[in-house]
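Enquirer: Pasting a structure here, questions to come.
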Amino acid sequence: MQSREEPTHEVKEARRAFYTRLDARNTTPLWEVMSGLVTREPASKCLPAIWHYETVRPLLMEAGALITAKEAERRVIVLENPGIRGVSQITQSLYAGLQLILPGEVAPSHRHAASALRFVIEGEGAYTAVDGERTRMHPGDFILTPSWTFHDHGNEGSEPVVWLDGLDVPIVNLFDSSFAEPYGEESQPLSRQEGDALARFGANLLPVEYRSGSLSAPTFCYPYERTREALAWLAAHGPVDDVHGVKMQYVNPASGGYPMPTIGAFVQWLPKGFTGAPVRATDSTVFCAVEGRGTTTIGGQSFDWGPRDVFVAPSWLPVSHRAETDSVLFSFSDRPAQKALGLWRETR
Ligand code: GTQ
Numbered sequence: 017m018q019s020r021e022e023p024t025h026e027v028k029e030a031r032r033a034f035y036t037r038l039d040a041r042n043t044t045p046l047w048e049v050m051s052g053l054v055t056r057e058p059a060s061k062c063l064p065a066i067w068h069y070e071t072v073r074p075l076l077m078e079a080g081a082l083i084t085a086k087e088a089e090r091r092v093i094v095l096e097n098p099g100i101r102g103v104s105q106i107t108q109s110l111y112a113g114l115q116l117i118l119p120g121e122v123a124p125s126h127r128h129a130a131s132a133l134r135f136v137i138e139g140e141g142a143y144t145a146v147d148g149e150r151t152r153m154h155p156g157d158f159i160l161t162p163s164w165t166f167h168d169h170g171n172e173g174s175e176p177v178v179w180l181d182g183l184d185v186p187i188v189n190l191f192d193s194s195f196a197e198p199y200g201e202e203s204q205p206l207s208r209q210e211g212d213a214l215a216r217f218g219a220n221l222l223p224v225e226y227r228s229g230s231l232s233a234p235t236f237c238y239p240y241e242r243t244r245e246a247l248a249w250l251a252a253h254g255p256v257d258d259v260h261g262v263k264m265q266y267v268n269p270a271s272g273g274y275p276m277p278t279i280g281a282f283v284q285w286l287p288k289g290f291t292g293a294p295v296r297a298t299d300s301t302v303f304c305a306v307e308g309r310g311t312t313t314i315g316g317q318s319f320d321w322g323p324r325d326v327f328v329a330p331s332w333l334p335v336s337h338r339a340e341t342d343s344v345l346f347s348f349s350d351r352p353a354q355k356a357l358g359l360w361r362e363t364r
């Protein structure tokens, strides 16, 4: 961290010899690694990046012709951050992928320690079953698969269905706490009617950290229809934040907190012509454009987006949104995990 005087040749040689002996004992001198280990501020290896849907969709459809959902277990094209290729991560803490299920297919039931979210991108007629309850998937719906709940997906319709998967796999693996198992049969028995959870909880509003408002929903599914209504209401009545526009966070009605312990999810409406002030936060964020067109600048790099495009903003890079037309962005991050550990920061 601090500058030191340049050591003599002899000292350098003596140190090198010492380091070799340290190395042989599974030890290392902190002073040689300190500045890269305890950084003054986040120095993410992740890069900002975008996956345009028009580029990824044809690849997904090719995958659809090459492997069945059953054979693959989950037919997913993983979105890999270009700064950390080869580890199936979109950020240091999160996994993201685009999952395809074709008409008539079933992705067999299993469960794992990792928590998952689905954000439906394209197609009608699919369902996901979580813990004995099936939820129909419609574009824009946000669906939870909490840790260790059995889940399977099926497509009973006539068109391909695609959704964005977000999982906390890197967090689970950071802690070496991964478990997974198949259910044993393709689909799990249904123990509840679709919408049971919805009837239980209704549409209560809870306070949130943004001035704009919040969105509550049933245990597992937050239908886009309601999200859109809430956004429209807030757009008409609420203030438009200089950074976030009209932004809500999804709330788990059972706890009043984030949807899952490790993953927070958000949805924001940006009016036509909106030019957001920059913000930096310690939670790297995955965005999925739902409606409209715009440009997001992340660490000085600009990314043009339209419906169904996915992009990622790494930790602590300034992020600012510009909306060319009225737009809706869905996003998720590890914010609840960082908050629980006392690490989360945001500065405007
Ligand atoms: O649908 O259960 O993208 O287990 C990765 C792992 C989806 C899933 C993924 C999974 C799933």
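Taking the numbering used here, I'd label the letters of the sequence shown as residues 17 to 364. For each residue, glycine too, the CB sits at the ideal point set by N, CA and C. Every value quoted in this text rests on a predicted model; they were computed, and no experiment measured them.
Would you list the residues sitting across from residue 92 in a DSSP beta bridge?
Expert: Counting from 1 along the sequence shown, the entry for residue 92 is found at position 76. 115.
Enquirer: Are the segment 170-186 and the segment 239-258 touching, with three or more C-beta to C-beta distances below 8 Å?
Expert: no
Enquirer: Can we count residue 133 as close to the ligand GTQ, meaning its CB is less than 7 Å from some heavy atom?
Expert: Locating residue 133 in the sequence shown gives position 117, counting from the first residue. No; taking the cut-off as 7 Å, the Cβ of residue 133 has no heavy atom of the ligand GTQ nearer than that.
Enquirer: Exposed or buried, what is residue 354 when buried is set at 16 or more other beta-carbons lying within 10 Å of its beta-carbon?
Expert: What you label residue 354 is simply residue 338 of the sequence shown in a count that begins at 1. So residue 354 ends up on the buried side.
Enquirer: In whole angstroms, what separates the C-alpha of residue 150 from that of residue 265?
Expert: To locate residue 150, count along the sequence shown from 1; it is residue 134. To locate residue 265, count along the sequence shown from 1; it is residue 249. If I take the Cα positions, the gap works out to 24 Å.
Enquirer: Listed by chain order, which residues have C-beta atoms less than 5 Å from any heavy atom of the ligand GTQ?
Expert: 90, 92, 113 and 181
Enquirer: Within 10 angstroms of its Cβ, does residue 42 collect 16 or more other Cβ (buried), or is it exposed?
Expert: Looking up residue 42 in the sequence shown gives position 26. With fewer than 16 other CB atoms across the displayed protein chains lying within 10 angstroms of its CB, residue 42 is exposed.
Enquirer: So is residue 133 buried or exposed if we call it buried at 16+ other beta carbons inside 10 Å?
Expert: The residue given as residue 133 occupies position 117 in the sequence shown. Under this definition residue 133 is a buried residue.
Enquirer: Quick check on the burial criterion: 16 or more other C-beta atoms within 10 angstroms. Buried or exposed for residue 74?
Expert: Taking the sequence shown and counting its residues from 1, the one referred to as residue 74 is at position 58. Exposed: under 16 other Cβ atoms inside 10 Å.
Enquirer: Around the Cβ of residue 260, are there at least 16 other Cβ atoms within 10 angstroms (buried) or fewer (exposed)?
Expert: Counted from its first residue, the sequence shown places residue 260 at position 244. Burial call: buried.
Enquirer: Taking the beta carbon of residue 208 as the centre, do at least 16 other beta carbons fall within 10 Å, making it buried, or is it exposed?
Expert: Working through the sequence shown from its first residue, we reach residue 208 at position 192. It counts as exposed.
Enquirer: What whole-angstrom Cβ distance do residue 146 and residue 236 have, given they're in contact under 8 Å?
Expert: Within the sequence shown, numbered from 1, the residue matching residue 146 stands at position 130. Within the sequence shown, numbered from 1, the residue matching residue 236 stands at position 220. Going by Cβ atoms, the distance from residue 146 to residue 236 rounds to 5 Å, so yes, they are a contact pair.
Enquirer: Output the boundary residues of the beta strand (DSSP E) element that contains residue 34.
Expert: Locating residue 34 in the sequence shown gives position 18, counting from the first residue. Segment 25-40 is the alpha helix (DSSP H) holding residue 34; no beta strand (DSSP E) there.
Enquirer: Rounded to a whole number of angstroms, what is the C-alpha to C-alpha distance between residue 24 and residue 53?
Expert: Locating residue 24 in the sequence shown gives position 8, counting from the first residue. Locating residue 53 in the sequence shown gives position 37, counting from the first residue. Using only the alpha carbons, I get a separation of about 26 Å.
Enquirer: For residue 148, which residues in the same chain have their Cβ closer than 6 Å to its Cβ, ignoring the five residues on either side in sequence?
Expert: One-based indexing of the sequence shown puts residue 148 at position 132. Correct list, in chain order: 206, 207 and 208.
Enquirer: Whole angstroms are fine: how far does the CA of residue 156 sit from the CA of residue 308?
Expert: Within the sequence shown, residue 308 is the residue found at index 292, counting from 1. Within the sequence shown, residue 156 is the residue found at index 140, counting from 1. Each residue's alpha carbon lies about 13 Å from the other.
Enquirer: Output the residue ranges of the beta strand (DSSP E) runs that lie fully inside the segment 153-197 and measure 3 residues or longer, sorted by chain position.
Expert: 158-161, 167-171 and 177-183
Enquirer: Would you call the segment 334-354 and the segment 273-290 in contact, with 3 or more CB pairs under 8 Å?
Expert: yes
Enquirer: Give me the residue from 298, 314 and 343 with the minimum Cα distance to residue 4.
Expert: Given a span of 17 to 364 for the chain in the structure shown, any question on residue 4 remains unanswerable.
Enquirer: Kindly list the residues whose CB is nearer than 8 Å to the CB of residue 227, restricted to its own chain and excluding five residues on each side of it in sequence; keep chain order.
Expert: Indexing the sequence shown from 1 puts residue 227 at position 211. Reliability fails at residue 227, whose pLDDT of 33 lies under 50, so the model's placement of it is uncertain and no value is given.
Enquirer: Just how far apart, CA to CA, sit residue 128 and residue 195?
Expert: Within the sequence shown, numbered from 1, the residue matching residue 128 stands at position 112. Within the sequence shown, numbered from 1, the residue matching residue 195 stands at position 179. Between residue 128 and residue 195, the C-alpha separation is close to 6 Å.
Enquirer: Pull up the DSSP beta-bridge partners for residue 360, would you.
Expert: Sequence index remark: in the sequence shown, residue 360 carries index 344 (1-based). Note: residue 360 sits in no beta bridge, so no partner.
Enquirer: What does the alpha-carbon distance come out to for the pair residue 123 and residue 36?
Expert: As a working note, residue 123 is residue 107 in the sequence shown. As a working note, residue 36 is residue 20 in the sequence shown. Near 52 Å, if we compare the C-alpha coordinates of residue 36 and residue 123.
Enquirer: Can you tell me where the alpha helix (DSSP H) with residue 77 in it begins and where it stops?
Expert: Working through the sequence shown from its first residue, we reach residue 77 at position 61. 69-82 is the span of the alpha helix (DSSP H), which, as asked, contains residue 77.
Enquirer: Rounded to whole angstroms, what is the Cα-Cα separation between residue 173 and residue 189?
Expert: As a working mapping, residue 173 is identified with position 157 in the sequence shown. As a working mapping, residue 189 is identified with position 173 in the sequence shown. Residue 173 and residue 189 have their alpha carbons spaced roughly 36 Å apart.
Enquirer: Does residue 110 come out as helix, strand or coil in the three-state DSSP assignment?
Expert: As a working note, residue 110 is residue 94 in the sequence shown. If DSSP states are grouped into helix, strand and coil, residue 110 belongs with coil.
Enquirer: Note the first and the last residue of the continuous alpha helix (DSSP H) segment covering residue 53.
Expert: Looking up residue 53 in the sequence shown gives position 37. Segment 46-53, the alpha helix (DSSP H) holding residue 53.
Enquirer: Give the range of the alpha helix (DSSP H) segment to which residue 242 is assigned.
Expert: Taking the first residue of the sequence shown as position 1, residue 242 is located at position 226. Annotation: the continuous alpha helix (DSSP H) that includes residue 242 extends over 240-253.
Enquirer: Just verifying my parser: in three-state terms, what is the DSSP assignment at residue 64?
Expert: The residue labelled residue 64 in the question sits at position 48 within the sequence shown. Three-state result, residue 64: coil.
Enquirer: Nearest by alpha-carbon distance to residue 66: which of 325, 139 and 55 is it?
Expert: Locating residue 66 in the sequence shown gives position 50, counting from the first residue. Residue 66 has its Cα closest to that of 325, out of 325, 139 and 55.
Enquirer: Could you work out which residue in 34, 349 and 364 is closest to residue 112 when comparing CA atoms only?
Expert: One-based indexing of the sequence shown puts residue 112 at position 96. Among 34, 349 and 364, the Cα nearest to that of residue 112 belongs to 349.
Enquirer: Do residue 176 and residue 118 have their C-beta atoms closer together than 8 Å?
Expert: Sequence index remark: in the sequence shown, residue 176 carries index 160 (1-based). Sequence index remark: in the sequence shown, residue 118 carries index 102 (1-based). If you check the CB distance, residue 176 and residue 118 come in under 8 Å.
Enquirer: With a 10 Å radius around its C-beta and 16 neighbouring C-beta atoms as the bar for buried, classify residue 28 as buried or exposed.
Expert: In the sequence shown, the residue the question calls residue 28 occupies position 12. Exposed: under 16 other Cβ atoms inside 10 Å.
Enquirer: Fully enclosed by the segment 269-315, which beta strand (DSSP E) runs are 3 residues long or longer?
Expert: 280-286, 301-307 and 310-314
Enquirer: Have a look at 46, 140 and 303 and flag the residue whose alpha-carbon is nearest the alpha-carbon of residue 321.
Expert: As a first step, residue 321 is located in the sequence shown; it is residue number 305 there, counting from the start. Residue 303 is the option with its Cα nearest to residue 321.
Enquirer: Let me know the secondary structure DSSP gives residue 129 once reduced to three states.
Expert: Working through the sequence shown from its first residue, we reach residue 129 at position 113. Residue state, collapsed to three classes: coil.
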